Each structure stands twice: as C-alpha cells, then as structure tokens.
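What follows is the structure, encoded as structure tokens:
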C-alpha cells in the first residue's frame, strides 16, 4: 500500500508536525511525506507557499501514484480552505483521500459554513478524528463518509532506559507541561499548587512550555510569593524526557483539547494524571485508576484530588504502574502507526 501524507514542516513544534515526526520510524507500508505550508518559523505565512505546494503536490501524485492520500487539517476556516484544495485536486485526478482532523475548535464550529464543510468531507473515503464527541458532531452535520477514531502517540524511543518500578509513590514534584496560556489551565494549576503548598510545604511545581502568558505567570508567581516554582520554558528531546522522569504527577486543566499528547506521554512515564473531561480523554480515562478527571474548573477540587494521592502511597504506585502499562498497550507510536495503516487499508 502506497500512502502520500501531507504534513507541515516536521521541524515545527505544532501538534501535527510532532505527530508525524514521531510516527515516521514506525510505518510498515510504503509511506511518503509531502511537506506543505511555511518551511521555517521565520518564513511568514504558509499562503505564500501555496502555489508551489500545489504544483509539487500534483507532480508527486502523478509520479508516486499513491493508493491513498492522507491530508491533515484542523477544524479552522483557513486550514480547511487550503486542505480542501488538496482534497479536490486528488479527487479530480482519481486518487482516494482520507482526512485526519487533528484540531476541533468549537468556536469555529459554531460559525463555520457547515454545508461547505460537509460537501467537501463527503468527497473523502475516510475521516479520522481524535474523540467520539467530534465524530458525533460531524454525523449531526450530515457527514456520510465513514469516521474512525485514532489517537496521538508516544514515541517508543522516549522510554528507552526508563524503569517504572523505580517510582516509589511519594509525590513531591507536580509537572505542568503544555503551552503557557490561560486556555490550557495554567492559572488553575498555580492556584491548585498554592492550596497544596500551604499543606505540603515540600512540594514543588515544574512548568514546561512556551506561550503568551509566560511573562504574566512569572509575575503571578512573584506577586503571590509562591516558592519552589520552576519555569523551564519550552523543552524537547532529552531535556523534555528528563522532566517526565523527575516528575511525580502530571496536571492538565485545559479548557479544551483534541487528544493531548503530553497526557499520554505522562501516562507512559507512569505519572498519575489530574485533568478535565475534554476531547479524546473522555473516551478512555478511568477516574480513580489513572488519576482524576472532572468537569470542574475549581482549584479546590483539583487540590483535594491530588491530596488524596499524596496521602496514599499505595494508590499512587498502583496508578503509576497502571498508566504505564495502559500507555504501552494503546499509545506507543509503533502501535498507532500500524493502527492507522489498518484503517486506511479498509477504504482502498
């Protein structure tokens, strides 16, 4: 089976680039990537690359002759406009197309021209989404194309040399790893930590990520006189892995998500996860076995949940082992790549 996958520049830090960068070593079929959009962080808008991308895309279709093309939009108006161009070119030339929708922006979904979206999505042979709630929404709009579920991934290589049995169940280091933005729950995380720190003075909070709230967060920590808060900025590679290894639990109080890769990575490193009912997490997260999941945005609720784990070493150790084994079974890149190939093979 020959598959041509449209991807952004794999050197970008975005979710789609990270996803396919992590999968590239694990495909078992004949998979080729076709880069579209801006090529560097300093090269301006990707729209300037579109004419060249279209010509290159047509050339690769005609030379490579894939059995199927996989395009990867988010549910945003501009992303869909561009990717529907690639969809229609491939269909006009007689190639089958699958669409993997990675981001699902509910604010955009409320105002977008649904007839236009549905008309184009129904030209595809398969649609892949990251959560059942996204599939349900598309079906309500009138999408008739088969819709399958997938997940983001954990690169198998991240866990090389990691031993989950070294986790002793004691909680000292809380890890926040996400964009440092209000919508990711950074301030709820800080307020939760503030509540916990007053009870457990030995706790520390590690914040990993870049974002527009970074300066404001530093000021908040200073103004509130929060101690033992370590703001690391954006990390990758061995530095990122080291923060997962040093952490004891993971907090993610995001307002909305698709399938947050960092949560899956935290589970793979045996971290109990404290999070919210958003995106694809709803489809698999087991409350009390994997950590804690809630609809609440109240820091006191988060603090109470984390406190119950701090007080129960046996529970924390059991959760660590359960999350590690669950992630190894369901989220590793080697598994996800083969799973996507099986889904695509059904429609060829």
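Numbering (full-length UniProt numbering), first residue to last: 1 to 348. Just so you know, even glycine gets a beta-carbon here, dropped at the ideal spot from N, CA and C. No experiment lies behind these values; they were computed from the predicted model shown.
By alpha-carbon positions, which one of the options ends up nearest to residue i?
| i | options | result |
| --- | --- | --- |
| residue 112 | 93, 129, 239, 75 | 75 |
| residue 18 | 284, 261, 181 | 261 |
| residue 99 | 294, 80, 24 | 80 |
| residue 169 | 183, 219, 310, 235 | 310 |
| residue 264 | 154, 297, 63, 312 | 154 |
| residue 351 | 249, 279, 284 | The structure shown has nothing for residue 351, since the chain only spans 1 to 348. |
| residue 96 | 73, 122, 199 | 122 |
| residue 267 | 53, 117, 14, 332 | 332 |
| residue 110 | 83, 124, 140 | 140 |
| residue 232 | 275, 21, 177, 188 | 177 |
| residue 156 | 338, 345, 334, 323 | 334 |
| residue 163 | 235, 234, 246, 181 | 246 |
| residue 288 | 282, 315, 295, 228 | 315 |
| residue 132 | 284, 320, 341, 337 | 284 |
| residue 124 | 342, 16, 84 | 84 |
| residue 256 | 14, 182, 196, 62 | 182 |
| residue 92 | 61, 82, 292 | 61 |
| residue 251 | 327, 184, 101, 4 | 184 |
| residue 188 | 160, 230, 217 | 217 |
| residue 150 | 35, 323, 227, 129 | 129 |
Could you spell out the range, first to last residue, of the beta strand (DSSP E) harbouring residue i?
| i | result |
| --- | --- |
| residue 148 | 147–149 |
| residue 214 | No beta strand (DSSP E) holds residue 214; the alpha helix (DSSP H) holding it covers 214–223. |
| residue 177 | 173–177 |
| residue 165 | Where residue 165 is concerned, there is no enclosing beta strand (DSSP E), given that its DSSP letter is neither H nor E. |
Using a threshold of 9 Å, state whether the C-beta atoms of residue i and residue j are closer than that.
| i | j | result |
| --- | --- | --- |
| residue 11 | residue 65 | no |
| residue 179 | residue 142 | no |
| residue 203 | residue 172 | yes |
| residue 48 | residue 71 | no |
| residue 191 | residue 51 | no |
| residue 152 | residue 290 | no |
| residue 347 | residue 146 | yes |
| residue 186 | residue 215 | no |
| residue 167 | residue 317 | yes |
| residue 279 | residue 59 | no |
| residue 274 | residue 306 | yes |
| residue 220 | residue 205 | no |
| residue 296 | residue 276 | yes |
| residue 101 | residue 54 | no |
| residue 223 | residue 197 | no |
In the DSSP output, which residue or residues are listed as bridge partners for residue i?
| i | result |
| --- | --- |
| residue 35 | 7 |
| residue 98 | 70, 126 |
| residue 30 | 2 |
| residue 252 | 275 |
| residue 104 | 75 |
| residue 294 | 276 |
| residue 204 | 173 |
Under DSSP, the alpha helix (DSSP H) around residue i begins and ends at which residues?
| i | result |
| --- | --- |
| residue 328 | 313–330 |
| residue 345 | 333–345 |
| residue 152 | Taken as a continuous stretch (DSSP letters only), residue 152 belongs to no alpha helix (DSSP H), as it is neither H nor E. |
| residue 118 | 114–121 |
| residue 189 | 186–197 |
| residue 16 | 15–23 |
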